[in-house]
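Some notes on the structure that comes next.
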Amino acid sequence: MSTHLMVHERSNALRLVTEAYTSLLITGFALLPTQFIAYLYFQQDPALKFEDHLFHEFAIVIATLEGLFVTYVTWRCYRSSGEPLLRWLTLGFLAFALIYSLHGAFTELAHRNIWLFLLYGPASRLVMSILLFIGLLSYNQPSDEPERRSNARAWLMWIVLFLTVDIAVALVAYSRYAGHPAVRLSMEGGALLFSALNVSVMLMRRIHSPLMLVFGVSVAWFALSSLAFILAAPWNHMWWLAHAIFAGGFLLLSYGVVQAFRTTRSFATIYSQEEMTARLARSMADTQKALQQVQMSNQRLERLAATDPLTGAGNRRHFIEHIGAEIARARRTGAPLSLLSLDLDHFKDINDSRGHSVGDEVLRVFVRKCLEAIRPYDSVARVGGEEFMVLLPGATLDAAYAVAERLRSAIERTAFDVGAEPSVGVTISVGVSEFGRDGDTLDGFLNVADQRLYRAKFEGRNRVVVA
25 MSTHLMVHER SNALRLVTEA YTSLLITGFA LLPTQFIAYL YFQQDPALKF
75 EDHLFHEFAI VIATLEGLFV TYVTWRCYRS SGEPLLRWLT LGFLAFALIY
125 SLHGAFTELA HRNIWLFLLY GPASRLVMSI LLFIGLLSYN QPSDEPERRS
175 NARAWLMWIV LFLTVDIAVA LVAYSRYAGH PAVRLSMEGG ALLFSALNVS
225 VMLMRRIHSP LMLVFGVSVA WFALSSLAFI LAAPWNHMWW LAHAIFAGGF
275 LLLSYGVVQA FRTTRSFATI YSQEEMTARL ARSMADTQKA LQQVQMSNQR
325 LERLAATDPL TGAGNRRHFI EHIGAEIARA RRTGAPLSLL SLDLDHFKDI
375 NDSRGHSVGD EVLRVFVRKC LEAIRPYDSV ARVGGEEFMV LLPGATLDAA
425 YAVAERLRSA IERTAFDVGA EPSVGVTISV GVSEFGRDGD TLDGFLNVAD
475 QRLYRAKFEG RNRVVVA
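With positions in the sequence shown counted from 1, the corresponding number in the numbering used here is that position plus 24.
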């Protein structure tokens, strides 16, 4: 087995172990309240109670203000992303705040109507757990339309519904059924059931995003708080522990909401470290691919900017830049540098008699013949309609004359076959100059070659002039 394969297998094994360890830590944290519940259930003295109305009222005020704040933050996230889960979270927090606040408001009535004091707690937890469960079922659903997010009438209808629940709880509290164990247990048991369903659905759907993990742990604590309330009696230690467990879950869930607000304002688009790493790798690969495409596009654009589109030869602008660079090198090294100025003889007659399409094909064939006659590092450019230049680095005037004569002879012998048309005979006139010998500036170098080209045409065409 290769060393690389062994290292890879060790890495996979370590990854599996760390994933299992992480899962155990999260599970242990989610079930942490069970230890305190079990301790008080088996060890607490039933006679021990802590009945402090002022402390209870203060705690409920803090919880209500916290609920309203988290409701507002969640609503802002929902307005931004339109995520259905956030809509149901907003409603769940709002229901909790509007119903649970009466649990504190009626604290002083605990001795006159204990049920008016007690029933608002389980009612708030039941309604909130139902709404959170509905929200979980809507996880990863398409975002709501902007019109729905800002529909004030829909939100007012929900507020009216929650206030109706307040009235219904009051009616139950003053009814003869208020003290029946089934009333309180059905509410608290319902909250426990829906919270447990939340956790079960998350496990079955394998939802692993970081904020949904916070959601799952929080809901697990809500379920355990309902269990503690079922086992508790008013004002005993288990009863206070149940409040503390619920508060811990609520604060944890509010942390998730605030994190969503500070980042993407969504529960579905916050990623784990592994997901972020994978997405970053994909983004880097896409960016690299895009950069390569841009570079290829730039290279194509540079070629287009430097090339005559008809013949594929260099264009005048690029050729002049190239000559300037070669002149600088010739001055630096003392190497010879020569130039051919070429013109196709009587090319206008070809266009007039055979058409421009034939003339264009003649130009393309001419350039191919030029490239065959010169060296790979020489360059050809089209500087006018039928005017061309060939730059010959390292060539003296005599060597340039030999190249020009070889090219002139090749063109003269070539039959330019253009489709079904009869072949076209073409000749060229060439002027040759050498840098330094025929001018030590760019303009002087070019002018001498042009003057010799005109002289070749004046003397009868189809010839090369060097002096």
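Heads up, the beta-carbon is just placed ideally off N, CA and C, and yes, glycines get one too.
Bear in mind that the values here come from a model prediction, so they are computed numbers and not experimental data.
| query | result |
| --- | --- |
| When DSSP labels each residue in this structure, what does residue 407 get in the three-state scheme? | coil |
| Taking residue 87 as the reference, give the member of 258, 349, 274 and 355 with the closest Cα. | 274 |
| I need the DSSP call for residue 448, collapsed to helix, strand or coil. | strand |
| For residue 274, which of helix, strand or coil comes out of DSSP? | helix |
| Whether or not the stretch 304-314 and the stretch 135-152 are in contact is what I'm after, with contact meaning three or more pairs of Cβ atoms, one per stretch, closer than 8 Å; do they touch? | no |
| At what residues does the alpha helix (DSSP H) containing residue 199 begin and finish? | Run containing residue 199: none; DSSP gives neither H nor E here. |
| Mind checking residue 402: buried by the 16 CB within 10 Å criterion, or exposed? | buried |
| Among 224, 256, 139 and 170, which residue has its Cα nearest to the Cα of residue 192? | 139 |
| Between which residues of its own chain and residue 365 is the CB-CB distance below 6 Å, once the five residues before and five after are set aside? | 413, 455, 473, 474 and 477 |
| If you reduce the DSSP assignment to three classes, tell me which class residue 292 lands in. | coil |
| Can you tell me the Cβ-Cβ gap for residue 291 and residue 236, rounded? I've got them flagged as a contact below 8 Å. | 6 Å |
| Give a yes or no on whether the C-beta atoms belonging to residue 382 and residue 448 are separated by under 9 Å. | yes |
| With DSSP as the reference, label residue 420 as helix, strand or coil. | coil |
| Using CA atoms only, rank isn't needed, just tell me which of 152, 176, 231 and 264 is closest to residue 72. | 264 |
| Considering only residues of the same chain and omitting the five flanking positions on each side of residue 5, which have a CB-CB separation below 6 Å? | The first residue shown for the chain is 25 and the last is 491, placing residue 5 beyond what the model contains. |
| Going by the CB atoms, is the gap between residue 361 and residue 350 shorter than 9 Å? | yes |
| Run the CB neighbour count on residue 114, radius 10 Å, all protein chains shown included, and call it buried at 16 or more, exposed below. | buried |
| Closest by CA to residue 470, which one among 372, 340 and 374? | 340 |
| What is the DSSP secondary structure of residue 331, reduced to helix, strand or coil? | strand |
| Under 9 Å, do residue 233 and residue 277 count as touching if we go by C-beta distance? | no |
| On a CA-only basis, which of 195, 178, 142 and 438 is nearest residue 208? Give me that one, please. | 142 |
| Residues in its own chain within less than 7 Å of residue 308 by CB, not counting five upstream and five downstream? | none |
| At which residue ranges does the stretch 234-283 contain complete alpha helix (DSSP H) runs of 4 or more residues, listed in the order of the chain? | 234-255 |
| Hey, out of 170, 333 and 487, whose CA is closest to residue 99's CA? | 170 |
| For residue 362, which beta-bridge partners are listed by DSSP? | 416 and 458 |
| Taking just the CA atoms, how far does residue 368 sit from residue 485? | 9 Å |
| Given that a residue counts as buried once 16 or more other Cβ atoms are within 10 Å of its Cβ, and exposed if not, what is residue 490? | buried |
| With a CB to CB cut of under 6 Å and the five nearest residues on each side skipped, what residues in its chain are close to residue 116? | 152, 155 and 156 |
| Within 10 Å of its beta-carbon, does residue 267 have 16 or more other beta-carbons around it, so buried, or fewer, so exposed? | buried |
| Which residues in the same chain as residue 425 place their Cβ atom closer than 7 Å to its Cβ, once the five residues preceding and following it in sequence are excluded? | 456, 488 and 490 |
| Got a sec, what are the start and stop residues for the alpha helix (DSSP H) residue 71 sits in? | No alpha helix (DSSP H) contains residue 71, which DSSP labels as neither H nor E. |
| Are residue 434 and residue 397 touching if we call contact CB-CB under 9 Å? | yes |
| Does the stretch 38-57 come close enough to the stretch 242-254 to have 3 or more Cβ pairs within less than 8 Å? | yes |
| Between the C-alpha atoms of residue 372 and residue 460, what's the straight-line distance to the nearest angstrom? | 34 Å |
| What did DSSP end up calling residue 315 once you bin it into helix, strand or coil? | helix |
| Do you know offhand how far residue 285's Cα is from residue 67's? | 43 Å |
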